[in-house]
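S.K.:
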Amino acid sequence: MRAAVILISFGLMLAGCPAEKPAEKPNCGPNGTYVEADGGAYCECYDGFCQGEGLVCISCDPGRLVGESCDDDVDCVDGRCLKYPDDTEGYCTTTNCVSDSDCVNHAAGETAEMCCVEVEATYFICIKIAEGYECGDGTGTCGSSCTGTVESACDVDHTCLRSSDTNPSAACSRTCETYHDCTGCLYEHAPNIPAKCIKLADGQGYCLFADLGCSSTMDCPEGETCAIAINADRTILFGDCVNSGALPPGAACNDEDDPDELAFENRCSSFYCFGGMCSEACEELLGCPEGMSCQEHTFEDVDDSIMVCKGD
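Heads up, the sequence shown is in the working numbering, so the first residue is 856 and it goes up one at a time.
1. On the DSSP letters alone, give me the boundaries of the beta strand (DSSP E) that I980 sits inside.
2. State yes or no: is the C-beta of Y901 within less than 7 Å of the C-beta of N886?
3. Identify every run of the beta strand (DSSP E) within the region 1058 to 1122, keeping only runs that are complete inside it and at least 3 residues long; order them along the chain.
4. Would I1048 and D1159 be called neighbours here (beta carbons separated by less than 7 Å)?
5. Would you call C925 buried or exposed, if buried means 16 or more other Cβ atoms sit within 10 Å of its Cβ?
6. Measure how close the beta-carbons of S954 and I984 come, nearest whole angstrom, since I'm counting them as under 8 Å.
7. Less than 6 Å between C-beta atoms, sequence neighbours within five positions excluded: which residues of the same chain meet that for C1037?
8. Using the Cα positions of G934 and T1033, report the straight-line distance between them to the nearest angstrom.
9. Determine the contact status of A1082 and F1129, defining contact as a CB-CB distance below 7 Å.
10. Taking all protein chains shown into account, decide if G995 is buried (16 or more other Cβ within 10 angstroms of its Cβ) or exposed.
11. So, helix, strand or coil for T1153, using DSSP?
12. For A892, which beta-bridge partners are listed by DSSP?
13. Please state the DSSP three-state secondary structure of D1158.
14. How long is the line joining the alpha carbons of K1054 and C1001, rounded to whole angstroms?
15. Taking the DSSP output, what are the residues bridged to T1021?
16. Excluding five sequence neighbours on each side, which residues of the same chain lie with their C-beta closer than 6 Å to the C-beta of G991?
17. Near A1136, which residues of its chain fall below 7 Å by C-beta distance, leaving aside the five closest residues on each side in sequence?
18. Whose C-beta lies closer than 8 Å to the C-beta of N951 among residues of the same chain, with five residues either side of it excluded?
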């Protein structure tokens, strides 16, 4: 989905991690064999390869410097080639940085800065930002702009979702399962746009910002229900296509149950239960499941209303 969103997944992009010996024996990459001897561990590397940072064999040639293009870890001095999922070529990086000043872009003819970014509260890595931008402060949360500064703008629990490094709508985001997980996401570029939980190609949901959605389940993809959603500052009610549970609209449910505490198979697909039946957003002309009618619904702390199916 690179055309729609660029999502950094460091677990996929880096072949190998620094730090302690993992529980499973590593194979030192394709260019050596893992060996334990005299109470220690090392790589017995093939001809032309030497043990690099961590248990990995890299080319004994000095190799390419941080920021220079690469195809594989063995191309780089520090043994780390950073690639985005859809790229055929990456750039050399290091996982030993402490501050932005440790990240120097050695690529000839490039003026793009490199920044030291914390990854999964585990280690730090040098990444490139867009040319003409300065490193972010690493404090951005859900909805904060990361245009040009990419992950350097976001804190360790967020990633920068963007269609390009200079995409003006780029924003820090967090993972989610339902739109409720996106409560508190305020879009810096346009605060009135609600955050929605949208699954990307890898199946993981992220809080993204989009125009108001459905007015009935007929507007939704197969298997999803048009449900009540609330924007981040709780001023707007709107329809959002979701699949929050296994019970379809019209199924029997208990109004007294807390949906957050129910297992998926016991929860309404729309999340909400009204009048003993699973609800959905509706248009009066289209009607509702048998035993339900299209009625106006409000919440005490939201100065807005929405039409939903409720049990008669």
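All C-beta atoms, glycine included, are put in the ideal place defined by N, C-alpha and C. This structure is a prediction, so every number in the text was calculated from the model and none was measured.
M.R.: On the basis of the data shown:
1. Per DSSP, I980 belongs to the beta strand (DSSP E) from Y978 to K983.
2. Yes, the Cβ-Cβ distance between Y901 and N886 is below 7 Å.
3. Taking 3 residues as the shortest admissible run, the region 1058 to 1122 contains the following complete beta strand (DSSP E) segments, listed from N- to C-terminal end: 1060 to 1064, 1080 to 1085 and 1092 to 1097.
4. Not a contact, by the Cβ cut-off of 7 Å.
5. C925 is buried by the Cβ-count criterion.
6. Taking a contact as a CB-CB distance under 8 Å, the pair S954 and I984 does not count as one, their CB atoms being some 15 Å apart.
7. Excluding positions up to five away in sequence, the list reads C1031, A1050, C1052 and C1062.
8. Note on geometry: alpha-carbon atoms of G934 and T1033 lie some 39 Å from one another.
9. At least 7 Å separates the beta-carbon of A1082 from that of F1129.
10. So G995 ends up on the buried side.
11. DSSP places T1153 in strand when its eight states are reduced to three.
12. According to DSSP, A892 bridges with G895.
13. D1158: strand per DSSP, three-state reduction.
14. Computed Cα separation, rounded: 20 Å.
15. Beta-bridge partners of T1021 (DSSP): none assigned.
16. In its chain, beyond the 5 residues on either side, T1004, S1007 and A1008 have a beta carbon closer than 6 Å to the beta carbon of G991.
17. Within the same chain, A1136 has close Cβ partners C1069, S1070, S1071, C1081, A1082, I1083, G1094, I1161, M1162 and V1163.
18. If the five residues before and after N951 are omitted, its C-beta is found closer than 8 Å to the C-beta atoms of P873, E908, D933, D957 and F979, all from its own chain and listed in chain order.
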